[in-house]
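Colleague: Handing you a structure now.
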C-alpha cells in the first residue's frame, strides 16, 4: 500500500504526512494554519497534541506485526514554545518499550527553525492478532 | 461581548462551543465528524485532547481578571472509551487551583450517553495584567 | 486477613495505612516526617507521589477479583500546595474505569486542614487470574 | 559546599546521591531495599518517582543562578520494567527548557544492567532572586 493510501481521515483533514517510519521511529509533519489558532493568535495546543499522538502511534505501528491493533490510552504533553500559524511542525516519535500488551513512546515536536515546541509521552494498548 | 464573538479560530474550525462558563467551571461541546477519524474509524484522540484543553482553558479564564493572559503548558490525558464519528462530545473543565503565576484544572469528557470518554489535567501559566 | 496484615513493606516503612477501601474508592493516610523533606524544608513531592499511587492501587484492587495482579504503569501528578513535615496526609483514590486489561484511577491528596495538596491520575495494567 | 553537605533530608533518608550534576544534566543514584517493596515483592513505583523527581530537580538547579528557588509542580511517569530490591537505580535528568518562570526536564531511570525502568517529565516553577 502506498504511504498516501495509509493516511487516515484525520491526517488528510489536517494535512499530516509521515516523512519516515520504521524501526520504532517515525517523523511526521503538519502544516499549521490560521484555522488552528487560539485567542492569542498562536496554534492551539490541541493540534500539537494531535500531531504528537500521531507520530508516536506511527512509531509504535512500525514495531508491531501486521494485523495488530493499537491505540494510545494515556497522553502526556509539555508545551515549551509557541507556534505561529504558517509554520510547519515536525514530530519525531520513538518507541521506548514494547511489551506483550502495552507500549510506551516519546515524541519531540519542533518548529521550522528546529526549536523545541513540545515533548510528549504516550502509553499504548496493543492487541496482537493472536489475542483476538 | 457575545459568546459567538469570543470563539477562537480553532473553535470555529472544529465547531466547538461553550455551553456554560463561570466560577471556575466550563462546559464545552464539540460535534465529531468523519474527518476526525483514525484508521480504526474512531475519533482521533488528538481531537479529544484539544476539546479537553479548551474546556480547561475556558474554566481557568472564568476565574482570572480581564486582561490576563494564560496558556496551558502541561497537558495529561487518559482515554477510557472510544468515540464514533457523529457523536457530540461534552467536556466539563474545573479549576482546582489558582495561584499567583500558575493554575491547575481538570476535565471530564463524556459522550452523548454520558459515558466517560477521557479525563484530563492541565497546568496553566498565568500572566496577570500587573505582571506585564 | 486483617488490614494490618495486608500492608506492604513500603507502607510499613513509611507509616501508610488504609482508612477505608471498597467499591472502587480508597482513603489512605501517611504521616510526614523531617526525613521526608527537601532543601526548602517541605515534604519532597516524591513521597506525595508514592502516597497517591498507593491510594489508587488500593482503590483499583477493591474492584478486582481475588488473585488478580495489577500495577500502575503510568502516573501523572499536579502539586498545588506545599506540605510541612509533621502534617498527616490523606489521599482519596477513585476508580474511573476498569476494563478487561487496563484501569484508570484518580486521586486527591489533602492536608490536615483539607486543603488540596496534589491531584493524580494513574493507568493500571490488570492481569486477571484467567489470564495467567 | 561539599556534595555530601548539599544532600537533603529526603536524600539521606533513602540513600540518594548525585553522581554528576552540571550544564543541565544530573545523574542521581539510589539503592533499593526490601523496605521499598510492594505486595508483589518489587520496588514500589513511588520510590522510582521520587528518584526521577530528584534527578530532574538537580538538573534544573544546575542551570539556575544561586539563590533561585525552584520546585516541580507537575510530574509525569511511565513505568516500563520492574525493579527487584537490592538493585541500584540510576536516574539521568536533563533540562529541556528553561524559561523566565518555568522549566521542563525529562528523566530516564535505569537498572544495573542499563535496562530502562521508567521515563519521566516534570515542569518546574522557578523563582529567580530578583523575583522575590
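Protein chains in written order, with the working numbering: chain A, -11 to 120; chain R, -11 to 120; chain V, -11 to 120; chain P, -11 to 120.
C-beta: ideal position from N, C-alpha, C; glycine also.
1) Quick one: list the residues of chain V neighbouring residue 104 of chain R, beta-carbon separation under 7 Å, in chain order.
2) Following the continuous alpha helix (DSSP H) through residue 34 of chain R, name the residue where it begins and the one where it ends.
3) Can you find the residues in the same chain that come closer than 6 Å, C-beta to C-beta, to residue 108 of chain R, ignoring five residues on each side of it along the sequence?
4) At a CB-CB cut-off below 8 Å, which residues of chain A make contact with residue 68 of chain P?
5) At least one CB of chain A closer than 8 Å to the CB of residue 30 of chain P: is that the case?
6) Rounded to a whole number of angstroms, what is the C-alpha to C-alpha distance between residue 112 of chain A and residue 57 of chain A?
7) Keeping to the same chain, check which residues put their C-beta closer than 7 Å to that of residue 49 of chain V; ignore five residues upstream and five downstream.
8) Candidates P:11, P:13 and P:17: which alpha carbon is nearest residue 5 of chain P's?
9) Can you tell me which of the three DSSP states residue 106 of chain P falls into?
10) With 8 Å as the threshold, decide whether the Cβ of residue 61 of chain A is near any Cβ in chain V.
11) Quick check on residue 80 of chain R: buried or exposed, where buried means 16 or more other Cβ atoms within 10 Å of its Cβ?
12) Chain V beta carbons: is any one of them nearer than 8 Å to that of residue -4 of chain A?
13) How should residue 99 of chain A be labelled, buried or exposed, when 16 other C-beta atoms within 10 angstroms of its C-beta is the threshold for buried?
14) Against chain R, with Cβ distances strictly below 8 Å, would residue 111 of chain V count as a contact?
15) Using a C-beta to C-beta distance shorter than 7 Å, which residues of chain P count as neighbours of residue 25 of chain V?
16) With 16 as the cutoff for other CB atoms within 10 Å, does residue 74 of chain R come out buried or exposed?
17) For residue 19 of chain R, which of helix, strand or coil comes out of DSSP?
18) Where do the N-terminal and C-terminal ends of the alpha helix (DSSP H) with residue -3 of chain R fall, by residue?
19) Can you give me the C-alpha to C-alpha distance between residue 10 of chain P and residue 86 of chain V, rounded to a whole angstrom?
20) Hey, residue 117 of chain R and residue 55 of chain R are a contact pair by Cβ (cut 8 Å); roughly how many whole angstroms apart?
21) Flag residue 80 of chain R as yes if its beta-carbon sits less than 8 Å from any beta-carbon of chain V, otherwise no.
22) Just the Cα atoms here: how many angstroms apart are residue -11 of chain A and residue -5 of chain A?
23) In the structure shown, what three-state DSSP assignment does residue 72 of chain P receive?
24) Examine chain P for any beta-carbon lying closer than 8 Å to the beta-carbon of residue 56 of chain A, and answer yes or no.
25) Using the C-alpha atoms, what's the distance from residue 14 of chain V back to residue 32 of chain P?
26) Thinking C-beta only, is residue 47 of chain A closer than 8 Å to residue 82 of chain A?
27) If I'm right that residue 30 of chain R touches residue 77 of chain R with Cβ under 8 Å, what's the distance once you round it to whole angstroms?
28) Let me check you understand the geometry: is the CB of residue 88 of chain A closer than 7 Å to at least one non-hydrogen atom of the ligand GDP?
29) Who does residue 83 of chain V pair with in a DSSP beta bridge?
30) What would DSSP say about residue 119 of chain A, mapped onto helix, strand or coil?
31) Kindly identify the DSSP beta-bridge partner or partners of residue 10 of chain R.
32) Can you name the residues of chain R whose CB is closer than 7 Å to the CB of residue 50 of chain A?
33) Note down the Cα distance separating residue 114 of chain P from residue 3 of chain A, rounded to an integer number of angstroms.
34) Which residues bound the beta strand (DSSP E) around residue 58 of chain P?
35) Using a Cβ-Cβ cut-off of less than 9 Å, give me the residues of the stretch 9 to 23 of chain V that come near chain P, in sequence order.
Modeller: The relevant details are as follows:
1) 84 and 85
2) 33 to 49
3) 40, 65 and 95.
4) 84, 85, 87 and 92
5) no
6) Spanning the two alpha carbons is a distance of roughly 10 Å.
7) 58
8) The shortest Cα separation from residue 5 of chain P among P:11, P:13 and P:17 belongs to P:17.
9) strand
10) yes
11) buried
12) no
13) Label assigned to residue 99 of chain A: buried.
14) yes
15) -4, -3 and -2
16) exposed
17) strand
18) -3 to 2
19) 44 Å
20) 4 Å
21) no
22) Because the pLDDT of residue -11 of chain A is 38, which lies under 50, any placement of that residue in the model is unreliable, and the question is left without a value.
23) coil
24) no
25) 18 Å
26) yes
27) Between residue 77 of chain R and residue 30 of chain R the Cβ distance is about 12 Å, and since that is not below 8 Å, they are no contact.
28) Looking for the ligand GDP in the displayed structure turns up nothing, as the structure carries no ligands at all.
29) V:93
30) helix
31) Residue 10 of chain R has R:13 as its beta-bridge partners, per DSSP.
32) Going along chain R, no residue has its Cβ under 7 Å from residue 50 of chain A, so there is no contact; the nearest lies around 14 Å.
33) 37 Å
34) That run of the beta strand (DSSP E) goes 57 to 67.
35) 21, 22 and 23
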